[in-house]
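Residue numbers (my numbering): 6 to 78.
And the structure:
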């Protein structure tokens, strides 16, 4: 399914409803814009993560890995 989008004067585009439904994108979702070498643009849905939670889980992962390493020796 191909659809045409128009860039507005402020640089915004509107994704038509069928495109959003097919991509399972909803209002407020984050998209990463990746510009390919050929100039094409790819929009990739992303999830926002609270930095403090990410750091907490990262520290927990480091602790777990350290414990695993100690068990192997």
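Using N, Cα and C, we set each Cβ at its ideal position, and we do this for glycine too.
Residue i to residue j span [Cα, whole Å]
i, j, result
"residue 47", "residue 41", "7 Å"
"residue 17", "residue 69", "45 Å"
"residue 36", "residue 25", "12 Å"
"residue 28", "residue 65", "33 Å"
"residue 2", "residue 31", "What the structure shows of the chain is the stretch from 6 to 78, and residue 2 is not part of that stretch, so it cannot be assessed."
"residue 38", "residue 61", "28 Å"
"residue 43", "residue 33", "29 Å"
"residue 19", "residue 49", "15 Å"
"residue 96", "residue 67", "Examination of residue 96 is not possible in this model, given that the chain is present from 6 through 78 alone."
"residue 76", "residue 57", "29 Å"
Residues bridged to residue i (per DSSP)
i, result
"residue 39", "47"
Residue-level contact to chain B via CB, residue i, 9 Å cutoff
i, result
"residue 39", "This model lacks chain B altogether, as it is built from one protein chain only."
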